[in-house]
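Residue numbers (the working numbering): 9 to 109.
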Amino acid sequence: MLAYTVHLMADQTEAPPPGQNPVNHDDQTADDDPSSTVLDLTSFQLHDLDSVELPSSLTELDLTTNRLTGLDPQIATFSNLKKLFLRQNLIEDAAIEPISG
């Protein structure tokens, strides 16, 4: 099982715990919702999400700089997910199907 930390941040300007990287984006997280659940899996070299247990309350997921080749179907089940970052992966346009109507 992959080890990771989920941060529940009421104030997105507060510093993360020592040794943790903040999710760094230009705009506010998850539409400024103070109860946002943010998960930063940047640079984990993930090929898929099989080894990751994602919390159902997830509002923002950063999968930047991994080895993903497609969009995992479980992502479509997160009704609270507002932001999904997939930059710098191995995903081709043909591998992406719409996750909402």
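Glycine included, each C-beta is placed from N, C-alpha and C at the ideal position.
Helix or strand or just coil, what does DSSP make of residue i?
i: Thr-50; result: coil
Taking the beta carbon of residue i as the centre, do at least 16 other beta carbons fall within 10 Å, making it buried, or is it exposed?
i: Ser-87; result: exposed
i: Thr-45; result: buried
i: Thr-67; result: buried
i: Leu-98; result: exposed
Starting from the C-beta of residue i, find all residues in its chain whose C-beta is less than 6 angstroms away, skip the five residues before and the five after it, and write them out in chain order.
i: His-55; result: Arg-75
i: Leu-57; result: Asp-80
i: Leu-69; result: Leu-47, Leu-92
Leaving out five residues on either side along the sequence, give the residues of the same chain with a beta carbon under 7 angstroms from the beta carbon of residue i.
i: Gly-78; result: Ile-99, Ala-103
Let's see if you can read the secondary structure: which residues bound the beta strand (DSSP E) around residue i?
i: Lys-91; result: 91–93
Contained beta strand (DSSP E) runs [length at least 3] in the region 50–77, N- to C-terminal order: 68–70
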